[in-house]
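Okay, so here's the structure we're looking at.
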Amino acid sequence: MPCLSFSVHYNLGHEVAPQIISEPKVASLRAAGDDGHEWERDTDLIYTVQSGPLRHLSLRWRNAVSRATFTDDADENRLIVSYQVKF
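For what it's worth, our numbering labels the leading residue of the sequence shown as -5, then goes sequentially.
And the structure:
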């Protein structure tokens, strides 16, 4: 289907320096002398209108999952609307 696309992005971070973060969960990392780590996965489903008056309108549904040892976990669903304007 030419107007529908799907993508997955995965980001990983490790050796996060706990001494520069002010989150309450970092105290246990500092006490143990450990470095923090985090990861995030974003899954996108994108639909782009191909014809008609709304041509080039895109609707993107993003599911984002974030986990870290130094901050609260986050699960988000976002709807992103964009419209391409050509000059």
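Don't be surprised by glycine CBs; every beta carbon is placed ideally from N, CA and C.
- Message: Below 7 Å, is the gap between the Cβ of T37 and the nearest heavy atom of the ligand GTP?
- Response: Of ligands this structure carries none, so the ligand GTP is not represented either.
- Message: Rounded to whole angstroms, what is the Cα-Cα separation between T42 and D28?
- Response: Locating residue 42 in the sequence shown gives position 48, counting from the first residue. Locating residue 28 in the sequence shown gives position 34, counting from the first residue. Going by the C-alpha atoms only, they are around 45 Å apart.
- Compare the beta carbon distance of E32 and R61 with 8 Å and say whether it is the shorter of the two. Counted from its first residue, the sequence shown places residue 32 at position 38. Counted from its first residue, the sequence shown places residue 61 at position 67. Yes, they are a contact pair.
- Task: Whole angstroms is fine: what's the gap from L(-2)'s alpha carbon to L73's?
- Result: As a first step, residue -2 is located in the sequence shown; it is residue number 4 there, counting from the start. As a first step, residue 73 is located in the sequence shown; it is residue number 79 there, counting from the start. In a straight line, the C-alpha of L(-2) is about 15 Å away from that of L73.
- Grab me the residues of R35's own chain with a C-beta within less than 6 Å of its C-beta, minus the 5 sequence neighbours each way, in chain order. Translated into the one-based positions of the sequence shown, residue 35 becomes position 41. Y4 and V59, listed in sequence order.
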